[in-house]
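Peer 1: Top to bottom, those sequences are chains S and E. When we follow my numbering, the leftmost residue of the first sequence carries the number 350, and every step to the right adds one. When we follow my numbering, the leftmost residue of the second sequence carries the number 35, and every step to the right adds one.
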Amino acid sequence: MFVDSRTIPTGATLETDICIIGAGAAGIALAHEFAGRDVRVSVLEGGGREFDAETQAFNKGRSIGTPYFPLDAAQLRYFGGTTNHWGGLCRPSNDIDFESRTWVPDSGWPLTRAELQPYYQRAQVACGVHSAEWGRDYWLKRDRYKALTFQPGRLETRVVQVVPRAQRRFATNYGQELEQAGNVTTYLHANLTELETNETGNMVGEAHVSCLSGNQFKLRARYFILATGAIENARSLLNSNRRHATGLGNHYDVVGRYFMEHPRLVTGILAPANRSMSLEFYSPHRVGLGGALTEGDEISGYVSLSAETLRKEQILDVQMSLAPVYDPAYAACTRGLRSESVASTRVLLRAFRQGQYPNDLRKHLTNVLDDMARWRDRAVTAAPIPLPEPEAISRVWQADPDERAAFLCEVFGDIAAATYMEAVGRPPLDHVQVTTRVEQAPNPNSRVTLDTERDRLGLNRAQLNWQLSELDKRSMIRALEILGAEVGAAGIGRLQITLPEDNTWPETLRGGWHLMGTTRMSDNPRKGVVDRNCQVHGVHNLFIAGSSVFPTAGSGTPTLTLVSLAMRLADHLKARMT
Amino acid sequence: MDRRIFLLLGGVGAVGGALLGAPHLSWLQSAGQREGSLQGRLAALFRHQASARVIGGTYLQQHPREKNVRHLLAGIAVSPASDRELTIALQQRIRQDYVEERVVKLEGWILSVTEARLCALTALA
Numbered sequence: 350m351f352v353d354s355r356t357i358p359t360g361a362t363l364e365t366d367i368c369i370i371g372a373g374a375a376g377i378a379l380a381h382e383f384a385g386r387d388v389r390v391s392v393l394e395g396g397g398r399e400f401d402a403e404t405q406a407f408n409k410g411r412s413i414g415t416p417y418f419p420l421d422a423a424q425l426r427y428f429g430g431t432t433n434h435w436g437g438l439c440r441p442s443n444d445i446d447f448e449s450r451t452w453v454p455d456s457g458w459p460l461t462r463a464e465l466q467p468y469y470q471r472a473q474v475a476c477g478v479h480s481a482e483w484g485r486d487y488w489l490k491r492d493r494y495k496a497l498t499f500q501p502g503r504l505e506t507r508v509v510q511v512v513p514r515a516q517r518r519f520a521t522n523y524g525q526e527l528e529q530a531g532n533v534t535t536y537l538h539a540n541l542t543e544l545e546t547n548e549t550g551n552m553v554g555e556a557h558v559s560c561l562s563g564n565q566f567k568l569r570a571r572y573f574i575l576a577t578g579a580i581e582n583a584r585s586l587l588n589s590n591r592r593h594a595t596g597l598g599n600h601y602d603v604v605g606r607y608f609m610e611h612p613r614l615v616t617g618i619l620a621p622a623n624r625s626m627s628l629e630f631y632s633p634h635r636v637g638l639g640g641a642l643t644e645g646d647e648i649s650g651y652v653s654l655s656a657e658t659l660r661k662e663q664i665l666d667v668q669m670s671l672a673p674v675y676d677p678a679y680a681a682c683t684r685g686l687r688s689e690s691v692a693s694t695r696v697l698l699r700a701f702r703q704g705q706y707p708n709d710l711r712k713h714l715t716n717v718l719d720d721m722a723r724w725r726d727r728a729v730t731a732a733p734i735p736l737p738e739p740e741a742i743s744r745v746w747q748a749d750p751d752e753r754a755a756f757l758c759e760v761f762g763d764i765a766a767a768t769y770m771e772a773v774g775r776p777p778l779d780h781v782q783v784t785t786r787v788e789q790a791p792n793p794n795s796r797v798t799l800d801t802e803r804d805r806l807g808l809n810r811a812q813l814n815w816q817l818s819e820l821d822k823r824s825m826i827r828a829l830e831i832l833g834a835e836v837g838a839a840g841i842g843r844l845q846i847t848l849p850e851d852n853t854w855p856e857t858l859r860g861g862w863h864l865m866g867t868t869r870m871s872d873n874p875r876k877g878v879v880d881r882n883c884q885v886h887g888v889h890n891l892f893i894a895g896s897s898v899f900p901t902a903g904s905g906t907p908t909l910t911l912v913s914l915a916m917r918l919a920d921h922l923k924a925r926m927t
Numbered sequence: 035m036d037r038r039i040f041l042l043l044g045g046v047g048a049v050g051g052a053l054l055g056a057p058h059l060s061w062l063q064s065a066g067q068r069e070g071s072l073q074g075r076l077a078a079l080f081r082h083q084a085s086a087r088v089i090g091g092t093y094l095q096q097h098p099r100e101k102n103v104r105h106l107l108a109g110i111a112v113s114p115a116s117d118r119e120l121t122i123a124l125q126q127r128i129r130q131d132y133v134e135e136r137v138v139k140l141e142g143w144i145l146s147v148t149e150a151r152l153c154a155l156t157a158l159a
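1. Using beta-carbon positions only, say whether E464 (chain S) and G457 (chain S) come within less than 9 Å of one another.
2. Please report how far the alpha carbon of L808 (chain S) lies from the alpha carbon of T768 (chain S), in whole angstroms.
3. Alpha helix (DSSP H) containing N809 (chain S): first to last residue?
4. Please report the distance separating the alpha-carbon of R355 (chain S) from that of L844 (chain S).
5. So what's I357 (chain S) in DSSP terms, helix, strand or just coil?
6. Between G410 (chain S) and A811 (chain S), which are expected to be in contact by the criterion C-beta below 8 Å, what is the C-beta distance as a whole number of angstroms?
7. What does the alpha-carbon distance come out to for the pair P419 (chain S) and Q405 (chain S)?
8. Determine the closest residue to T365 (chain S) out of S:G396, S:T451, S:Y536, S:R493, with distance taken between C-alpha atoms.
9. Please state the DSSP three-state secondary structure of F365 (chain S).
10. Quick one: give me the first and last residue of the beta strand (DSSP E) that P621 (chain S) is part of.
11. Which same chain residues, not among the five before or five after L829 (chain S), have their C-beta less than 8 Å away from its C-beta?
12. Between the stretch 489-503 of chain S and chain E, which residues of the former have CB atoms less than 9 Å from a CB of the latter, in chain order?
13. Identify each residue in the stretch 801-834 of chain S for which the Cβ-Cβ distance to at least one residue of chain E is less than 9 Å, and report them in chain order.
14. Let me see if you follow: with CB-CB separation under 9 Å, is T643 (chain S) close to chain E or not?
15. Taking only three categories from DSSP, how would you classify C303 (chain S)?
16. From the DSSP output, in three-state form, read off E788 (chain S) for me.
17. Taking 9 Å as the cut-off, decide whether the C-beta atoms of S824 (chain S) and A579 (chain S) are in contact.
18. Per DSSP, what are the beta-bridge partners of P441 (chain S) in this structure?
19. Assuming A154 (chain E) contacts E100 (chain E) under a Cβ cut-off of 8 Å, what Cβ separation, rounded to an integer in Å, is found between them?
20. Given that a residue counts as buried once 16 or more other Cβ atoms are within 10 Å of its Cβ, and exposed if not, what is G860 (chain S)?
21. Along the chain, where does the beta strand (DSSP E) that runs through T546 (chain S) open and close?
22. Among the residues of its own chain, which have a CB less than 7 Å from the CB of P673 (chain S), if the five just before and after it don't count?
23. Have a look at L587 (chain S) and A622 (chain S) and give me their C-alpha separation to the nearest angstrom.
24. Output needed for D401 (chain S): all residues of its chain with C-beta closer than 8 Å, excluding positions within five of it in sequence on either side, in chain order.
25. Tell me which residues of the stretch 135-147 of chain E have at least one Cβ-Cβ distance to chain S shorter than 8 Å, keeping chain order.
26. Cβ closer than 7 Å: which chain S residues qualify as neighbours of V132 (chain E)?
27. Does the CB of Q845 (chain S) have a neighbour CB from chain E at under 9 Å?
28. If you measure between the beta carbons of S690 (chain S) and N716 (chain S), is that distance less than 9 Å?
29. Determine, for C153 (chain E), whether the minimum Cβ-Cβ distance to residues of chain S falls below 9 Å.
30. Quick one, which of S:T927, S:G866, S:K822 has its alpha-carbon nearest E850 (chain S)'s?
31. So, under 8 Å CB-CB, C368 (chain S) and A556 (chain S) are touching, yes? Tell me the CB distance rounded to an integer number of Å.
32. Just to check my reading of the structure: V509 (chain S) and L665 (chain S) have Cβ atoms closer than 8 Å, yes? What is that Cβ distance to the nearest angstrom?
33. Indicate whether the contact test is met: 3 or more Cβ pairs, each with one atom in the stretch 829-840 of chain S and one in the stretch 137-151 of chain E, closer than 8 Å.
34. Say whether the stretch 646-663 of chain S touches the stretch 869-886 of chain S, bearing in mind that this needs 3 or more beta-carbon pairs closer than 8 Å, one atom from each stretch.
35. To the nearest angstrom, how far is the alpha carbon of G640 (chain S) from that of Q703 (chain S)?
36. Counting contacts by CB-CB distance shorter than 9 Å, is R87 (chain E) in contact with chain S?
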């Protein structure tokens, strides 16, 4: 059931068994785990079911460190949370990501990868990831594209799966289930203002909730789970400071610290030995049914360092993406491949192949015919069918191979050019752009604190001081040096590192929209906010879900891991409640 | 020294195997057989001599002590064999440089030290 909290009278006190604060990937995964069970679950969501700028403004904050995305762009405050603009890239973390590494201060999870494995399998289904296979060889056997061949040992190609666009929004996937579940109530427009504890501070008794409409109410629960994202989780704990001046769960000043991202930027240029080298494996592409005009599971490859190399070199995990930059002479064709008329052709071909009547037939036919009409201007006058005039054919035929596709596109339209491109394979490479993403080292000085500015409900806004370390930079540089040597040894080409080797970061540095840390997991309360079960140290009924509990970031995408941890937390609570 | 130079250098391999191709050896057969012309033979392996000279110049700026033909030839350490043997030996040496990470960074480009020295020889030729 969904309830508009603006209809709840001020002063009301509601009761439930489990209160989940936040309806993003973690919060919805948790609610899904409890749906239909003999337990009352209440989900508090600050936003509604659609984006609303007024509510989104709660996520505004100040960034005072390394330049970062506007905080209100990095998190979404409505039902479905950040899955509403999720890119859908998934991969579980690696064994080494969980290990304590002597060269990475504060590394090491209180869990092993093996302990999380059963939850990864459940999370894979929950996230809409089609396959449980992550091995490169599994995908290569099914793929028409090949991975680069490096000498064994230092570099490896890994695979991410891309969740289909239509299955990325948890709001769409689980909205109906949660609406129909008799035991789950989702309160929309319900903003948490405080988690109130008992006198000793070891139990949360009530969540204080305010709506923009002005009404305020309380929710009592046996268990509270904070699942509002890395910045908001820290902000909520720090703002719950009526009984604890430094904030809830913050006896040792760890809340908000160790904010991590996946620093990412273009770091190199690869001059290829072979300009027709295939790099399609390293871009999102479909595997399974073959051919760009069909659909199958979508994956993408990237180059990374083996765990042995990370140990030997004493660096962080690094991910290197290879993006082909084609000869500009083919720009018209490559643009054509992304055109609406080519997309319509794909839809029509797929529908006809499956014996189905396509949706929007008229629109797609119009797109195709409009594209084909481009060469009516060059058709032989008065011919019974639209034959291209000989001069146009001659121009295409005689064109330099590098320019032929461009002419084809110009003269005969995008579909003709796309068909040509399918036939010849791909345009010649101009160069390959190398984008590097590093696992940010845990850094206590990279942190979220409270700003002096307050939001409309009187709560201090978040202030982010994103700080990177020498190890982050060194890891990127060393990974690129290894890539440079390996592409040389394999005869793939020559690499230029464009990342400066001093202590500065270029202005082009970005994050990966992966906000992690701030309420990290550790068995030691001086080093972490939550324990191995995601329970806030010293507060027996308060738990945290989401990537804010990650002690280290790994280089992979966080969604699958954070949903796995949410599933594990759900099992922990189920066991505790029986 | 930009990307174009590397693209020009034999469609890539800056100075690697692709560069040490057969088309250049015809020149070597006439000019390269002269006594004491190993430097000339090595320099002539480049399809795009001007590009090789730019790379070589950069290498010599970074390693001024190597601005000496004898020193560079000693570093490359190949004996004047037949053209084919010379080409194969250099290709193997360059590959081995990469395998063992005997590389130099020239304006960010990662090149085998043998490649860089070959370019330097061209710059000095």
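Note that the Cβ used here is the ideal one computed from N, Cα and C, for glycine as well.
Peer 2: Reading from the atomic positions:
1. no
2. 58 Å
3. Taken as a continuous stretch (DSSP letters only), N809 (chain S) belongs to no alpha helix (DSSP H), being part of the beta strand (DSSP E) at 809-814.
4. 58 Å
5. coil
6. 4 Å
7. 12 Å
8. S:Y536
9. For the record, residue 365 (chain S) in the displayed sequence is Thr; it is not Phe. Of the three classes helix, strand and coil, the one that applies to T365 (chain S) here is coil, per DSSP.
10. 613-621
11. T616, G617, M669, V783, T785, L844, I846, L848
12. Q500
13. L829, E830, I831, L832, G833, A834
14. Residue placement at T643 (chain S) cannot be trusted, given a pLDDT of 45 that sits under 50; what the coordinates show is reported in the next sentence. No, no contact with chain E.
15. What is shown of chain S runs 350 to 927, which leaves residue 303 (chain S) out entirely.
16. coil
17. no
18. Answer by DSSP bridge pairing: none, since P441 (chain S) is not bridged.
19. 6 Å
20. buried
21. 540-546
22. L628, L778, V781
23. 55 Å
24. Y427
25. E135, V137, K139, E141, G142, W143, I144, L145, S146
26. Sequence check: residue 132 (chain E) is Tyr here, not Val. What Y132 (chain E) touches in chain S: A834, G837, A838.
27. yes
28. yes
29. no
30. S:K822
31. 6 Å
32. Not quite, the Cβ-Cβ distance comes to about 18 Å (not below 8 Å), so this is no contact.
33. yes
34. no
35. Bear in mind that the predicted position of G640 (chain S) carries a pLDDT of just 45, short of 50, making it unreliable; the figure below should be weighed with that in mind. Taking the straight line joining both Cα atoms gives about 15 Å.
36. no
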